[in-house]
Amino acid sequence: MRTAVLAAFCLALPFSAAHAADAIEIVEGGAPSANAIVIDKMAFGTPEIKIKAGDSVTWTNKDTMAHNVHFRQGPAKGAPNAQGKMLATDATWTVKFNTAGEYSYICTPHPMMKGKVIVE
Numbered sequence: 270m271r272t273a274v275l276a277a278f279c280l281a282l283p284f285s286a287a288h289a290a291d292a293i294e295i296v297e298g299g300a301p302s303a304n305a306i307v308i309d310k311m312a313f314g315t316p317e318i319k320i321k322a323g324d325s326v327t328w329t330n331k332d333t334m335a336h337n338v339h340f341r342q343g344p345a346k347g348a349p350n351a352q353g354k355m356l357a358t359d360a361t362w363t364v365k366f367n368t369a370g371e372y373s374y375i376c377t378p379h380p381m382m383k384g385k386v387i388v389e
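According to our numbering, the residues represented by the sequence shown are 270 to 389, in order.
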């Protein structure tokens, strides 16, 4: 009995990680999204945004210090690409959202900075 439960648990792990990874896609080198969030003065300028599944969001850092976007809750939680790169001043990061849900995020070095993308 224990073996069957352990086997079922192990088989479920890769599926959930793969599902989380598919929830978002990092868009490299493309034009910034029409759904824009500016990071400035230690805050996400639009703390909550609603979009449709398949849409993208672009974060642009206008602050003098580096920031990032780290999805801590929602469909992307635990995905290998859930933590974005550190963005220097004027750098951007664009994410395409494939799965409906609420994606809560923080800036990793500044966890008091919080935001949410609601995907319908």
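The beta-carbon is built from N, C-alpha and C at its ideal position, and this holds for glycine as well. All values derive from a computational prediction rather than experimental measurement.
Check	Outcome
Alpha-carbon spacing of TYR372 relative to GLY299, whole angstroms	22 Å
For SER302, the first and last residue of its enclosing beta strand (DSSP E)	No beta strand (DSSP E) contains SER302, which DSSP labels as neither H nor E.
Own chain, CB closer than 8 Å to ASN337, minus 5 neighbours either side, in chain order	GLN352, GLY353, LYS354, MET355, LEU356, TRP362, CYS376, THR377, PRO378
Which of helix, strand or coil DSSP assigns to ALA322	coil
Counterpart residues of ASP309 in DSSP-defined beta bridges	ALA312
Neighbourhood of ALA335 by C-beta distance below 7 Å, restricted to the same chain and skipping five residues each side	MET355, LEU356, ALA357
Rounded straight-line distance, which links the Cα of LYS385 to that of LEU282	Unreliable placement is indicated for LEU282, whose pLDDT of 43 sits below 50; no coordinate value is reported for it.
ASP238 burial status per 10 Å Cβ neighbour count (16 or more: buried)	Nothing in the structure corresponds to residue 238, since the chain is present only between 270 and 389.
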